[in-house]
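Numbering of the sequence shown is given in the working numbering, commencing with residue 19 and proceeding in unit increments.
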Amino acid sequence: MHASPTQVQHFIGGSFCPSESDAWIPRENPATGAPLRSIARGQSEDVARAAGACAKAQKAWGATSPAERSRILLQIADGIDAQLDALAMTECEDTGKPLSLARSLDIPRAAANFRFFATAILHETGESYRTEVPQDALNYVTRRPVGTVGCISPWNLPLYLFTWKIAPALAAGNAVIAKPSELAPTTASMLCEIAARAGLPAGVLNVVHGLGSEAGHAIVAHPQTKAISFTGGTTTGAAIAGVAAPMFKKLSLELGGKNPTIICADADLTVAMPEIVRSAFLNQGQICLCGSRILVHKTRLAEFMEQFTALVSALRVGDPLDAESDLGSLVSMEHLAKVTAMIARGVKDGAKIVTGGAPPARLASRVAKGAFLSPTVLLAPPQDSQCVQEEIFGPVVTVQSFDRHADAVRMANGTRYGLAATIWTRDLSRAHRMAGALEAGIVWVNCWMLRDLRTPFGGMKDSGVGREGGTEALRFFTEPTNVCIALGARL
Ligand code: NDP
19 MHASPTQVQH
29 FIGGSFCPSE
39 SDAWIPRENP
49 ATGAPLRSIA
59 RGQSEDVARA
69 AGACAKAQKA
79 WGATSPAERS
89 RILLQIADGI
99 DAQLDALAMT
109 ECEDTGKPLS
119 LARSLDIPRA
129 AANFRFFATA
139 ILHETGESYR
149 TEVPQDALNY
159 VTRRPVGTVG
169 CISPWNLPLY
179 LFTWKIAPAL
189 AAGNAVIAKP
199 SELAPTTASM
209 LCEIAARAGL
219 PAGVLNVVHG
229 LGSEAGHAIV
239 AHPQTKAISF
249 TGGTTTGAAI
259 AGVAAPMFKK
269 LSLELGGKNP
279 TIICADADLT
289 VAMPEIVRSA
299 FLNQGQICLC
309 GSRILVHKTR
319 LAEFMEQFTA
329 LVSALRVGDP
339 LDAESDLGSL
349 VSMEHLAKVT
359 AMIARGVKDG
369 AKIVTGGAPP
379 ARLASRVAKG
389 AFLSPTVLLA
399 PPQDSQCVQE
409 EIFGPVVTVQ
419 SFDRHADAVR
429 MANGTRYGLA
439 ATIWTRDLSR
449 AHRMAGALEA
459 GIVWVNCWML
469 RDLRTPFGGM
479 KDSGVGREGG
489 TEALRFFTEP
499 TNVCIALGAR
509 L
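Rendered as structure tokens:
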């Protein structure tokens, strides 16, 4: 895979290689603080090499039949399954997430992404329209691959989100230059090896590692990348749009979220409570879909707080390798410092820490220097507090109460984000009305993160532009042409 297990190299034109500059970025295990691997620090010259490899490979790949592409992508999915243990362990080392979570969520979903798009391209339907006025004609739409595309993904669900972009891009016949986050890049390199073994031609998938401001920027700015699919923070998304938009590139931006969880007066808390805890703290709260703002009807607040606090305080935070750990470490000490600063800000604004707010009291010696934080509940911050308005992306939730359900919608919509929302109620008419009024790309009713890969995935407002998933992704990674055939005089 890498030249040595301690180095993560680029994958360009079918081979692993260092940067032309031979520069490296050190990375430590965030749960232990121990040195982990060196990551190749790619620059524009490395991206240019990858673009050259794409130019050589894309035409032939784009011309293969959907059945042939499907066959190779299904083999990649099988290859991911076969390496479940190694991939999960690597994800755990890179991110600090519990090994059990990487095994049950991240890696199976990466394989599912490949299977989904491998089979989706076998069942595509086309558009055609019979036109009668002013003249008899048949309009139909053909789709071709965009060509070379850039895919940039974050560190929180590394292989899961990387493959969510790569799989549809490859399925649609494109060549890809991809960059995972330099904080969690290793499984992307392992995937390249799996893809090569599955028969993906050299140059079709290229991975350039490095910093966002260097390798990431170079991918976005390269004239050959005609579409950019990006998942990450809202500020980074704006910077990317600033480069790509004047070059008239296609852009898909999946950005931050500050997702409300609304607990209506009639919510069934027995069913809801375990899911609310999971939605708040899964992956240490580092999922763009996490329900980080809990809004509770005032008649249920006392009961909610009692049950919620008991469950949250009982969550076990510790060594990601320990099967008993519910939460592992955050992704880095720097990120931990940002998260704790947001908690302090919330307290200054008037919120009360009900539980958490500090590292766990006892940690095994192996992880004593890790980036750990106990799950934290901030009660009753004002709506304009930064801890309500801005994404914290850590194990921190705010709890606010509301009087009327219309107030809940107003509070839910009262941030710049619009990714997801969850409603807990027994009244499905109310759920339907609220879902229509919530500014969110995804609304879950009586569930959370229940995903069907056919549905459009993405956010409104500052949470993004465009949608991923199913047909939306395949459309993004293709260019349509409308063919209009005049049918001439009738017989
Ligand atoms: P960042 O925006 O910091 O980084 C995301 C990716 O973009 C990384 O690979 C990063 O590289 C790269 N990058 C950074 N700057 C540039 C640039 N100027 N040009 C090109 N690429 C660049 O996000 P994080 O990695 O910190 O991820 C957390 C964020 O991702 C959260 O805001 C979260 O909400 C969001 N997210 C959104 C999801 C969604 O579907 N809406 C899903 C998951 C996460 P590097 O890391 O090497 O700097």
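No residue lacks a Cβ here, since even glycine has one placed at the ideal position from N, Cα and C.
Legend entry - Entirely enclosed beta strand (DSSP E) segments - the segment 176-253, minimum 3 residues: 193-197, 223-225, 243-249
Legend entry - 7 Å CB neighbourhood of A155 in its chain, flanking five on each side removed: T149, C502, I503, A504, L505
Legend entry - Beta-carbon separation (whole angstroms), P152 vs F180, contact threshold 8 Å: Contact check for P152 and F180: beta-carbon distance about 49 Å, past the 8 Å limit, so the pair fails to qualify.
Inset, instruction - Using only the heavy atoms of the ligand NDP, determine whether one of them is closer than 7 Å to the beta carbon of P172. - result: yes
Legend entry - Stretch pair the segment 205-213 + the segment 61-77: three plus CB contacts closer than 8 Å: no
Legend entry - Contact test: S199 Cβ vs the ligand NDP heavy atom, cutoff 7 Å: yes
Inset, instruction - Pick out whichever of A290, N301, K115, W173 has its Cα sitting closest to the Cα of E321. - result: Looking at the Cα atoms, A290 is the closest of the given residues.
Inset, instruction - Report the partner residues of E486 according to the DSSP bridge assignment. - result: F475
Inset, instruction - Check the DSSP bridge columns for I170 and list the partner residues they point to. - result: I170 is bridged by DSSP to K197, F248.
Legend entry - Beta-carbon proximity list for G144, same chain, < 7 Å, skipping 5 on both sides: The residues are Y158, V159.
Legend entry - Residue range of the unbroken beta strand (DSSP E) whose run includes K370: 370-373
Inset, instruction - Use the C-beta contact count for C465: other C-beta atoms within 10 angstroms, 16 or more gives buried, fewer gives exposed. - result: exposed
Legend entry - Beta-carbon proximity of T243 to I195, cut-off 8 Å: yes
Inset, instruction - Please find out if some non-hydrogen atom of the ligand NDP comes closer than 7 Å to the beta-carbon of V238. - result: yes
Inset, instruction - Confirm, please, whether the CB-CB distance from R161 to E497 is below 8 Å. - result: yes
Inset, instruction - Could you give the DSSP three-state label for E272: helix, strand or coil? - result: strand
Legend entry - Beta bridge counterpart(s) of N157 as assigned by DSSP: Y147, C502
Inset, instruction - For Q304, I'd like the list of residues in its chain whose CB is within less than 6 Å of its CB, leaving aside the five on either flank, ordered along the chain. - result: Around Q304: N174, F411.
Inset, instruction - Would you kindly check if the distance between the Cβ of A213 and the Cβ of R87 is under 8 Å? - result: no
Inset, instruction - Please indicate yes or no: does the CB of E490 lie closer than 7 Å to some heavy atom of the ligand MN? - result: The model depicted lacks the ligand MN and carries the ligand NDP instead.
Legend entry - Separation of K316 from H450, as counted between CA atoms: Using only the alpha carbons, I get a separation of about 21 Å.
Legend entry - Residue nearest to S297 in terms of C-alpha spacing, selected from A130, W442, P44: W442
Legend entry - Stretch-stretch touch, CB-based, cutoff 8 Å, three pairs: the segment 453-463 with the segment 244-262: Not touching, per the Cβ criterion.
Legend entry - Nearest-angstrom beta carbon gap, V164 and A245 [assumed within contact, 8 Å]: 5 Å
Inset, instruction - Answer with buried or exposed for D124, where buried requires no fewer than 16 other C-beta atoms within 10 angstroms of its C-beta. - result: Its Cβ being crowded by 16 or more others within 10 Å, D124 is buried.
Inset, instruction - Report the residue from R493, S122, C282, P474 whose alpha carbon sits nearest the alpha carbon of A341. - result: S122
Inset, instruction - Enumerate in chain order the residues of its own chain whose CB-to-CB distance from T249 is below 6 Å, with the five nearest sequence positions on each side excluded. - result: S171, P172, L179, E272
Inset, instruction - Would you check whether the ligand NDP has a heavy atom nearer than 7 Å to the C-beta of L179? - result: yes
Legend entry - Cβ-based burial, A355 [other Cβ within 10 Å; buried from 16]: The residue is exposed, with fewer than 16 neighbouring Cβ atoms inside 10 Å.
Inset, instruction - Give me whichever residues DSSP pairs with P53 in a beta bridge. - result: E46
Legend entry - Residues bridged to T440 (per DSSP): T279, W462
Inset, instruction - Could you have a look at A85 and say whether DSSP puts it in helix, strand or coil? - result: In this structure, A85 counts as helix in the three-state DSSP scheme.
Legend entry - Beta-bridge partners of E497, as assigned by DSSP: Under DSSP, the beta-bridge partners assigned to E497 are R162.
Inset, instruction - Pick out whichever of A386, K183, G388, V417 has its Cα sitting closest to the Cα of P400. - result: V417
Legend entry - Any beta strand (DSSP E) of 3 or more consecutive residues that is wholly inside the segment 300-345: 309-315
Legend entry - Check whether A216 and Q76 have beta carbons under 8 Å apart: In this structure, Q76 does not lie closer than 8 Å to A216 by Cβ.
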